[in-house]
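Residue numbering for the sequence shown follows numbering that gives the first Met the number 0, starting at 0 and increasing by one per position.
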Amino acid sequence: MSEAPSSYAGRTVIVGSGIAGLMAALTLAPQPVLLLTRSALGGETSSAWAQGGIAASLGPDDSTALHLADTLAAGDGLCDVDMAADIVSAAPAVIEALERAGVRFDRDVQGKLVFGLEAAHSRRRILHAEGDGSGAAIVKALAAAVLRTPSVTVLEGTEVRRVLTDDGVVTGLVCAGQKGSFVLPATNVILATGGLGGLYEATTNPSGNFGQGIMLAARAGAILTDMEFVQFHPTALSSPRRPLALVSEAVRGEGALLLNENGERFMAAVPGAELASRDIVARAIDREILRGGKVFLDARQALGSGFSARFPSIDLLCREAGIDPARELVPVRPAVHYHMGGVATDGHGRSSVPGLWVAGETACTGLHGANRLASNSLLEAAAMGIRAAEDIANLHTPNAKQAMAVATFATPDLPAADLSIIRPIVSRHLGIARHEVGLTEAIRDLLPLAEQDGPASDPAIVGLAIAVFAALRMESRGGHFRDDFPEKAAIATRRRLNLSDVIAIAHEFNSSSQSSPSIARSA
Numbered sequence: 000m001s002e003a004p005s006s007y008a009g010r011t012v013i014v015g016s017g018i019a020g021l022m023a024a025l026t027l028a029p030q031p032v033l034l035l036t037r038s039a040l041g042g043e044t045s046s047a048w049a050q051g052g053i054a055a056s057l058g059p060d061d062s063t064a065l066h067l068a069d070t071l072a073a074g075d076g077l078c079d080v081d082m083a084a085d086i087v088s089a090a091p092a093v094i095e096a097l098e099r100a101g102v103r104f105d106r107d108v109q110g111k112l113v114f115g116l117e118a119a120h121s122r123r124r125i126l127h128a129e130g131d132g133s134g135a136a137i138v139k140a141l142a143a144a145v146l147r148t149p150s151v152t153v154l155e156g157t158e159v160r161r162v163l164t165d166d167g168v169v170t171g172l173v174c175a176g177q178k179g180s181f182v183l184p185a186t187n188v189i190l191a192t193g194g195l196g197g198l199y200e201a202t203t204n205p206s207g208n209f210g211q212g213i214m215l216a217a218r219a220g221a222i223l224t225d226m227e228f229v230q231f232h233p234t235a236l237s238s239p240r241r242p243l244a245l246v247s248e249a250v251r252g253e254g255a256l257l258l259n260e261n262g263e264r265f266m267a268a269v270p271g272a273e274l275a276s277r278d279i280v281a282r283a284i285d286r287e288i289l290r291g292g293k294v295f296l297d298a299r300q301a302l303g304s305g306f307s308a309r310f311p312s313i314d315l316l317c318r319e320a321g322i323d324p325a326r327e328l329v330p331v332r333p334a335v336h337y338h339m340g341g342v343a344t345d346g347h348g349r350s351s352v353p354g355l356w357v358a359g360e361t362a363c364t365g366l367h368g369a370n371r372l373a374s375n376s377l378l379e380a381a382a383m384g385i386r387a388a389e390d391i392a393n394l395h396t397p398n399a400k401q402a403m404a405v406a407t408f409a410t411p412d413l414p415a416a417d418l419s420i421i422r423p424i425v426s427r428h429l430g431i432a433r434h435e436v437g438l439t440e441a442i443r444d445l446l447p448l449a450e451q452d453g454p455a456s457d458p459a460i461v462g463l464a465i466a467v468f469a470a471l472r473m474e475s476r477g478g479h480f481r482d483d484f485p486e487k488a489a490i491a492t493r494r495r496l497n498l499s500d501v502i503a504i505a506h507e508f509n510s511s512s513q514s515s516p517s518i519a520r521s522a
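Here's what the structure looks like:
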């Protein structure tokens, strides 16, 4: 860092350089912004790895009402209807903003937008950029725009370890950079740090993403919600590669079929077949694998020699694994892909902690409910990055003097996160199918780690929150499936808990499991 941390006092600080963070930075211009990113700008972000694209009801046969209906159906009774309607209706403005920033969506020879189809969408409404490299193309364009914006200062190689507060209000950040730890004064912070797939052994997300933003916000006192809803993408490429490569749902949208090792199309009788919602398809594939079988994606007839032109990135990934998807079956398996829950926010991206905004996958707006509709995530990330920035822009100038006071604090010695103990626990007990016994064991194993100050404590907090929320939800809904409660409850409930609540309930579960074979049934 060429300048002292105190020299940045008064700037809005954005943590994360995926679509939400980049759009927030561009929207705030010409206000001064400091953007912190753990790796290179736009690097190690789930946004850049997105193959599918962005959902927008812009086609001649489509409408906001249809897009909303599909979103609510996928959300399985837990969407915030007003927020869902608000975000879905923002799609035209979001696409326009992305194009102004330099994003070029795919168009046909007549210059018209090309729309793809993905699971649980009733219309072709997925916009792509550079085919199946949509996320990378969007992030590349936005990152270039940020670098051209003089009001944005980017600090690469900087990881945020804590959000500092005074009387419950944000005052700064504890950071770890290339030259060591430092305290950064800040009164307006946007967390846009992505998902938590790195908690799992099988994921399509960057392996270092364990829900840092959720942990940071939770430690600062923010409310969490819907933490139990983890979405497993049905078709990750089954190979030794880690993280697993994604085989986009758009391949099935073009007609590819799912077959088991006997050549049986096991999804044929399911409503929606291969394009049923992700939770249904993922569980069906998981059942085939658990019985000792194998699952393949067959694109030979649907795409054949046209596979590489339509899906160049996926074609390359398959060929790296020794598979020609135009002529061979592609082995697939479910893997953690997206988290519907997170830090509870309002329509402006505000968390329950004054001075802390959250956007993108780290946040939970209520758009996705129990199960994200495909390609709604990039729409939400861009829309809420913009809205958080607009909300901050409308505030009075931050009190730089108050923020600078934190620079006098001693920098805490905080170790980097170690996921080696956490991944096996989370993968074993918090996967596609859950059960009371496994959830009890997860809580038992994660609680002491979460309460310690060691390198495993940060990821343990996120894993424990998932386990507690999952134990409280004694039903199956969307991305949360309980073997012991396979049916939906009559009433769909959403819980809002802070970290103290999570810890207290975890202790209650531990006490209950030691005295009785059944977990406590209320919270």
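The beta carbon of each residue, even a glycine, is placed where N, CA and C say it ideally should be.
Residue from the options with nearest C-alpha to residue i
| i | options | result |
| --- | --- | --- |
| I385 | G365, S511, V357 | V357 |
| D297 | G271, N259, E129, A334 | N259 |
| Y600 | G478, D61, N393, A55 | Nothing about residue 600 can be reported from this structure: the residues present for the chain run from 0 to 522 only. |
| Q50 | G76, G252, A217 | G252 |
| G254 | G271, A244, R240, R241 | G271 |
| R37 | Y199, G132, G321, T157 | T157 |
| H347 | A283, A469, A387, A325 | A387 |
| V87 | R371, F310, I442 | R371 |
| L223 | I460, F484, A488, L448 | I460 |
| S45 | G9, R147, L77, A135 | A135 |
| D536 | I490, G197, P149, G52 | No answer is possible for residue 536: it lies beyond the span of the chain, which begins at 0 and ends at 522. |
| T152 | T11, V342, R433 | T11 |
| G58 | R123, W48, E319, N187 | R123 |
| A308 | D417, V250, L35 | V250 |
| D500 | D483, S512, L463, A415 | L463 |
C-alpha gap between residue i and residue j, whole angstroms
| i | j | result |
| --- | --- | --- |
| A280 | L21 | Going by the sequence as given, residue 280 is Val instead of Ala. Cα to Cα, V280 sits roughly 33 angstroms from L21. |
| M403 | P184 | Any reading at M403 must be qualified, since the residue scores a pLDDT of 48, below 50, and its modelled position is unreliable; the value itself is stated next. Cα-Cα distance, rounded: 5 angstroms. |
| A219 | V162 | 6 angstroms |
| A503 | T361 | 23 angstroms |
| L413 | V108 | 55 angstroms |
| G303 | H66 | 31 angstroms |
| A406 | A55 | Because A406 sits at a pLDDT of 47, beneath the cut-off of 50, its placement in the model cannot be relied upon, and the following sentence gives the value as read from the coordinates. Roughly 44 angstroms between the two C-alpha positions. |
| S5 | C174 | 13 angstroms |
| G340 | L190 | 15 angstroms |
| S16 | L195 | 16 angstroms |
| S247 | I313 | 8 angstroms |
| A72 | S374 | 15 angstroms |
| A160 | R443 | Correcting the residue identity first, residue 160 is Arg in this sequence and not Ala. The straight-line gap from Cα to Cα measures roughly 25 angstroms. |
| I125 | A369 | 21 angstroms |
| A268 | L274 | 12 angstroms |
| L40 | A142 | 7 angstroms |
| A217 | F468 | 14 angstroms |
| K400 | D225 | At K400, the pLDDT of 45 sits below 50, so the modelled position is not reliable and the matter cannot be decided from this model. |
| S237 | Y7 | 46 angstroms |
| A301 | L328 | 12 angstroms |
| A470 | H428 | 11 angstroms |
| T70 | S180 | 43 angstroms |
| P353 | Q211 | 19 angstroms |
| G42 | A489 | 43 angstroms |
| R349 | V80 | 18 angstroms |
| R326 | D131 | 19 angstroms |
| G167 | V331 | 46 angstroms |
| A24 | A89 | 19 angstroms |
| L33 | E474 | 43 angstroms |
| V102 | P91 | 14 angstroms |
| P423 | I284 | 21 angstroms |
| C363 | S351 | 12 angstroms |
| R299 | P324 | 7 angstroms |
| V229 | V335 | 7 angstroms |
| A505 | T439 | 9 angstroms |
| G359 | N393 | 21 angstroms |
Strand pairing of residue i, partner residues [DSSP]
| i | result |
| --- | --- |
| Y337 | Q230 |
| P330 | F295 |
| E155 | T36 |
| L355 | V188 |
| D165 | V168 |
| L377 | Per DSSP, none; premise fails for L377. |
| F484 | R481 |
| L126 | I53, F114 |
Evaluate the contact criterion for the region 14–31 versus the region 370–388: three or more CB pairs, one atom per stretch, below 8 angstroms.
-> A contact exists between the region 14–31 and the region 370–388.
- Can you list the beta strand (DSSP E) stretches of 3 or more residues lying completely in the region 184–233, in chain order? 188–190
- Message: Suppose only complete runs of 4+ residues qualify. What are the alpha helix (DSSP H) ranges in the region 227–266, listed by chain order?
- Response: 248–252
Self-check item: Whole runs of the beta strand (DSSP E) within the region 418–478, excluding any shorter than 3 residues
Solution: none
- Query: Which whole runs of the alpha helix (DSSP H) in the region 48–114 are 4 residues long or more, in chain order?
  - Reply: 63–73, 80–88, 90–99
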